[in-house]
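**Student:**
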Amino acid sequence: MALWKSVPFACILLPLFGAAVCSVLPRRAARAWAMGLIAAVAGLSCFFLAKMTAFDAAYPYRMGHYDAPIGNMLRAGPLEAVLGVLFSLLTLVCALGGGSRIREDLTEGRQGLYHTLLLLMTAALMAQVYTDDLFTAYVFVEIMTIAGCGLIAVRSGPGRSLVAAVRYMIMNLIGSALFLLGIILLYDLTGHLLMSSIHEALQAPAGAGNFDIPLTVVVALLCAGLAAKSALFPFHAWVPDAYATATPASAALLASLVSKSYIVVLLKVLFRVIGPAYIEASGVDNILFLFGVVGMLAGSVVAIRVPDVKRMVAWSSVAQIGYIYMALGLMTGAGAAAAVFHIIAHAAAKSVLFLSVDKLCEASEGHEFIGKLRGAGYRSPLAGAAFTVGALSLVGIPLLGGFTTKLNLARAVLDLGGAHAWAGLICLTLSTLLNVLYMLRTVLVLWSHPDRAPEAPQSSRAGGALAVSLGALMAANFLIFFFAQPLMDVINRGFALFS
Amino acid sequence: MARIRDEHDGSRWSRLQRWLSEGDDPLDRDLIEAVDAPTPLPDAVPPVQPLKLWKVREEARRSHRIEKADRFLRILYVLSAVLVCAGIIGVLWLTTERLPSFGGVENPANNEVPAHYIEKGMEETGAVNIVAGMILDYRAFDTLGESNVLFVAACTVIILMRIRSGDPADRLAEDAGDGRYEPGEDSVLQVMAALIVPLVLVFGVYIVLNGHLSPGGGFSGGAVMGAALILYLNAYGSAKAGRFFTFRTFRTVSLVALSFYALSKAYSFFTGANELPSVITAGTPGRIFSAGLIPYLNIAVGLVVCCTMYALYTLFRKGDL
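The listed protein sequences correspond, in order, to chains X and R. Position 272 (the first sequence) corresponds to 297 in the numbering used here; numbering is contiguous. Position 52 (the second sequence) corresponds to 76 in the numbering used here; numbering is contiguous.
Laid out in structure tokens, this is it:
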């Protein structure tokens with residue numbers, strides 16, 4: 026086997042080993058070590074994507090000496106490579122951009138452990154992308170859940186972050202329990218944990234028809250568990266507090282990557298493990314579609330009403346997760362590809378929003394109310410520009426990634442036709458209009474002249490690392506638009522190889 | 025105007041609305057109050073405010089309304105919790121009725137995978153204990169993840185619970201808090217602990233070392249050893265336990281055990297996937313030095329489990345190791 030095919034293995038094992046070392050390093054060394062390792066993982070992922078587009082096929086990778094279904098397996102294809110690049114690069118950029126706030130928000134003793142958690146999270150993200158085994162996915166989902174709790178609660182200072190962490194933990198553990206229950210029942214029905222073997226066992230005549238009710242329950246449990254973890258609409262109560270009180274690097278990571286990684290697992294469950302035929306027979310896809318649509322509207326409506334800008338961005342995440350579930354609920358190839366594209370576009374937009382909004386609040390004497398941010402764009406121009414780009418991308422203005430993804434969503438909805446098309450299109454339009462209301466209002470406030478000059482002119486220009494990561498993320502938002510077609514081709518090719 | 029707003033805030037409808045949108049609910053509010061409450065300064069006297077009768081009355085009326093709304097929400101909570109639980113129980117009951125019979129011959133779980141483990145397990149992994157062969161060789165990747173779940177849990181608890189020891193005031197608070205709910209210098213406990221702890225420790229070590237030969241292994245043996253350490257701590261107090269187990273010990277042991285696990289398994293995965301020759305051999309089944317990496321991995325997992333258990337206990341007890 027060619028050496029480059031071992032990249033997925035290296036992307037998982039490198040940060041896992043690095044985390045054990047990172048926990049004993051002093052503060053600065055821990056940060057340098059963690060950043061270096063994450064950069065290495067990102068570099069490897071990019072190299073892997075380049076190789077994978079040329080290779081143009083999916084291959085299994087054995088974790089050990091035993092073939093499937095005896096041992097653990099990884100699986101890598103173009104789709105996995107794209108997601109690997111997205112997750113590793115964004116982890117690097119978010120951790121880089123939030124670095125100065127990590128030093129301010131965290132006590133010294135906690136900073137080393139924070140970077141340990143970052144490395145474990147990177148390993149878990151990579152494992153969820155590449156694994157071909159449902160139980161391995163569960164184990165790494167657990168690592169992700171607990172690391173996420175640490176990322177929220179690590180901030181010293183206001184007690185609200187502890188409350189947010191408690192809420193997050195309760196919701197996520199309920200999700201884990203449902204997901205695990207689903208895996209157990211699925212094992213009892215098929216006798217396998219490996220995704221491709223489960224799929225084969227379900228195709229066999231012995232599996233068909235006999236177990237309609239248990240299979241429906243399994244699909245419902247898996248979907249409900251992962252939906253609760255990724256904060257789909259009725260399970261979203263933990264989101265605003267968690268994202269608004271966590272340190273900006275954590276908020277950006279949680280909103281743009283952690284919640285998405287559960288959706289990647291769900292994508293595997295829907296398309297690789299169970300298969301569209303069974304999902305459609307069970308009717309769970311319609312429920313996902315419905316909750317997605319409701320979430321799209323409800324998240325946006327609340328985002329208009331909240332006066333606190335960080336909370337507003339958090340609520341808009343609830344709406345954006347709704348878009349992804351709506352696309353998944355279509356259960357077509359086009360829908361799934363649109364969902365993956367939305368994961369990418371939204372991750373780029375949301376991370377730039379969370380990183381810049383914190384800088385803008387800082388430039389406005391720490392106020393988080395939208396009214397107090399008047400003129401903040403002039404006080405911190407780069408953060409203002411970054412927020413504007415992120416906001417316009419979320420709204421869906423051409424030249425930015427958000428436009429292409431909304432176009433893809435609308436196309437996927439129209440392709441299916443029928444009631445889905447009507448409901449989807451109307452809600453997509455309504456939600457976009459609501460997005461315009463709350464996002465553009467904030468942008469206008471940012472760039473309107475302040476009533477009075479700030480008492481003491483503060484220098485709140487973005488520091489070096491933050492400037493670099495904001496610049497990179499802004500560029501990413503544009504690049505996603507300009508390279509939308511090649512990206513979509515890779516995603517579509519990945520889906521063709523997926524099941 | 026303010027009165028109207030207060031009335032609206034206190035009404036059932038607005039509380040329900042807020043609960044739905046922001047997750048504002050009575051159970052949660054207790055938590056927020058407990059966290060947000062400023063620690064009272066010893067000599068601060070609350071400022072005396074002139075009493076206004078209408079204000080007091082207004083306040084009483086308002087708190088009465090809030091109480092009523094709270095009671096309503098609590099009842100709603102209990103009712104919906106009971107309904108949801110009953111629903112889930114009903115659905116799961118229906119499901120289990122229709123599942124393939126457990127342990128039956130025709131059960132799908134009775135396929136080639138367990139057959140392979142049972143027939144070829146000892147030959148391929150060298151472990152007499154098939155379970156050890158499964159979790160540490162066939163599915164070693166999952167177990168690597170599991171030990172890292174313990175590690176990430178320990179890290180998070182350290183982040184949350186560890187009192188920073190630089191400040192002498194914190195040190196004092198920590199020592200005062202230590203062992204408040206534990207038995208103090210209890211001679212009966214100490215004598216019994218002196219008798220039991222060595223036995224339990226040795227038993228734990230035995231379970232870990234024989235993990236590949238008999239039932240047991242790193243997880244169970246590590247839990248036994250951790251229990252022995254916790255018993256020692258309870259009988260003799262943290263001053264004595266701190267002589268052999270400090271935060272440094274925990275960090276060193278986690279580092280060595282986890283990095284050994286990750287590196288050795290990385291070697292084994294890499295050689296396996298690329299079909300390279302590996303220096304790890306199964307050896308003669310039944311011997312203590314056999315089964316390739318399994319005994320060493322068992323030791324690593326055992327150490328991680330033991331240290332994590334002990335660390336979690338002391339962190340919750342006094343906020344430091």
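C-beta: ideal position from N, C-alpha, C; glycine also. Since the model is a prediction, treat every value here as computed from it, not as a measurement.
What is the residue span of the alpha helix (DSSP H) that P273 of chain X lies within?
**Tutor:** P273 to L278
**Student:** I'd like the span of the beta strand (DSSP E) that includes Y86 of chain X, first residue to last.
**Tutor:** Y84 to M88
**Student:** When the Cα atoms are used, what is the spatial distance from A252 of chain X to E167 of chain X?
**Tutor:** Approximately 15 angstroms, taken between the alpha carbons.
**Student:** Does the beta-carbon of C331 of chain R have 16 or more other beta-carbons within 10 angstroms, so that it is buried, or is it exposed?
**Tutor:** buried
**Student:** Chain X beta carbons: is any one of them nearer than 7 angstroms to that of P66 of chain R?
**Tutor:** Note that P66 of chain R scores 46 on pLDDT, short of 50, meaning its location in the model is unreliable; the coordinates nonetheless yield the value given after this. No, because no Cβ of chain X sits closer than 7 angstroms to the Cβ of P66 of chain R.
**Student:** So with CB distances below 7 angstroms, who are the chain X contacts of G343 of chain R?
**Tutor:** The premise fails here: G343 of chain R is roughly 12 angstroms from chain X at the closest Cβ pair, so nothing lies under 7 angstroms.
**Student:** When the Cα atoms are used, what is the spatial distance from S473 of chain X to T413 of chain X?
**Tutor:** 13 angstroms
**Student:** At a Cβ threshold of 7 angstroms, is F243 of chain R touching chain X?
**Tutor:** Output row for F243 of chain R: interface = no.
**Student:** With a threshold of 7 angstroms between beta-carbons, can T161 of chain X be considered close to chain R, or not?
**Tutor:** yes
**Student:** Are the Cβ atoms of G216 of chain X and A133 of chain R separated by less than 7 angstroms?
**Tutor:** In contact: G216 of chain X and A133 of chain R (Cβ atoms closer than 7 angstroms).
**Student:** The beta strand (DSSP E) with A101 of chain X in it runs from where to where?
**Tutor:** N97 to A101
**Student:** Using a beta-carbon distance below 7 angstroms, is C179 of chain R in contact with chain X?
**Tutor:** True, the Cβ-Cβ gap to chain X drops below 7 angstroms.
**Student:** Give the residues from the segment 35 to 61 of chain X that approach chain R closer than 8 angstroms (Cβ to any Cβ), ordered along the chain.
**Tutor:** L38, L41, F42, A44, A45, V46, S48 and V49
**Student:** Answer with buried or exposed for F112 of chain X, where buried requires no fewer than 16 other C-beta atoms within 10 angstroms of its C-beta.
**Tutor:** By the Cβ neighbour-count rule, F112 of chain X is buried, with 16 or more other Cβ atoms within 10 Å of its own.
**Student:** Flag this pair as yes or no: are the beta carbons of G109 of chain X and L522 of chain X separated by less than 7 angstroms?
**Tutor:** no
**Student:** Considering only C-alpha positions, which residue in the set X:S342, X:F42, X:V365 and X:V290 is nearest to A262 of chain X?
**Tutor:** X:S342
**Student:** So who's on the other strand from T170 of chain X, going by DSSP bridges?
**Tutor:** Its beta-bridge partners do not exist; DSSP assigns none.
**Student:** Go through the segment 156 to 225 of chain X residue by residue and report every complete run of the alpha helix (DSSP H) that reaches 4 residues or more, in order.
**Tutor:** Correct list: 159 to 178 and 185 to 215.
**Student:** Using 8 angstroms as the threshold, is the segment 269 to 282 of chain R in touch with the segment 315 to 327 of chain R, meaning 3 or more CB pairs across them?
**Tutor:** yes
**Student:** I want to check one thing, is the minimum distance from the CB of G300 of chain X to the heavy atoms of the ligand GTP below 6 angstroms?
**Tutor:** Absence of the ligand GTP is noted for the structure shown, with no ligands found whatsoever.
**Student:** Between X:T78, X:V377, X:L62 and X:I199, which has its C-alpha nearest L145 of chain X's C-alpha?
**Tutor:** X:L62
**Student:** Between V173 of chain R and chain X, is there a C-beta pair that is closer than 7 angstroms?
**Tutor:** V173 of chain R counts as touching chain X.
**Student:** Assess contact between the segment 444 to 457 of chain X and the segment 392 to 404 of chain X, defined as three or more Cβ pairs (one per stretch) separated by less than 8 angstroms. Is contact present?
**Tutor:** no
**Student:** Please report the distance separating the alpha-carbon of L238 of chain R from that of G228 of chain R.
**Tutor:** A small correction: the amino acid at residue 238 of chain R is Ser; Leu does not occupy that position in the sequence shown. Between S238 of chain R and G228 of chain R, the C-alpha separation is close to 13 angstroms.
**Student:** Excluding the 5 residues preceding and the 5 following G200 of chain X in the sequence, name in chain order all residues of the same chain whose CB lies nearer than 6 angstroms to its CB.
**Tutor:** G250, A253 and K254
**Student:** Around the Cβ of F340 of chain R, are there at least 16 other Cβ atoms within 10 angstroms (buried) or fewer (exposed)?
**Tutor:** exposed
**Student:** Closer than 8 angstroms, Cβ to Cβ, to anything on chain R: give me those residues from the segment 85 to 114 of chain X, in chain order.
**Tutor:** Y86, R87, M88, G89, H90, Y91, P94, I95, G96 and N97
**Student:** From this set, X:L117, X:A54, X:R56 and X:K30, which residue's C-alpha is nearest A79 of chain X's C-alpha?
**Tutor:** X:K30
**Student:** Nearest-angstrom Cα distance between Y101 of chain R and L419 of chain X?
**Tutor:** Straight-line spacing of the CA atoms in Y101 of chain R and L419 of chain X works out to 36 angstroms.
**Student:** For N135 of chain R and chain X, any beta-carbon pair shorter than 7 angstroms?
**Tutor:** Chain X contact via Cβ: present.
**Student:** Whole angstroms are fine: how far does the CA of F34 of chain X sit from the CA of F508 of chain X?
**Tutor:** When rounded, the separation of the alpha-carbon atoms in F508 of chain X and F34 of chain X is 28 angstroms.
**Student:** Who are the near neighbours of L142 of chain X in its chain, counting only those whose CB is closer than 7 angstroms to its CB and skipping five residues on each side?
**Tutor:** Answer for L142 of chain X: A172, G175 and L176, listed in chain order.
**Student:** G128 of chain R: which of X:G134, X:S281, X:D213 and X:A374 sits nearest, CA to CA?
**Tutor:** X:D213
**Student:** Any beta-carbon of chain X closer than 7 angstroms to the one on Y256 of chain R?
**Tutor:** no
**Student:** Would you tell me roughly how many angstroms separate the C-alpha atoms of I368 of chain X and I349 of chain X, rounded to the nearest one?
**Tutor:** 7 angstroms
**Student:** Where does G240 of chain R land, buried or exposed, given buried means 16+ other C-beta within 10 angstroms?
**Tutor:** buried
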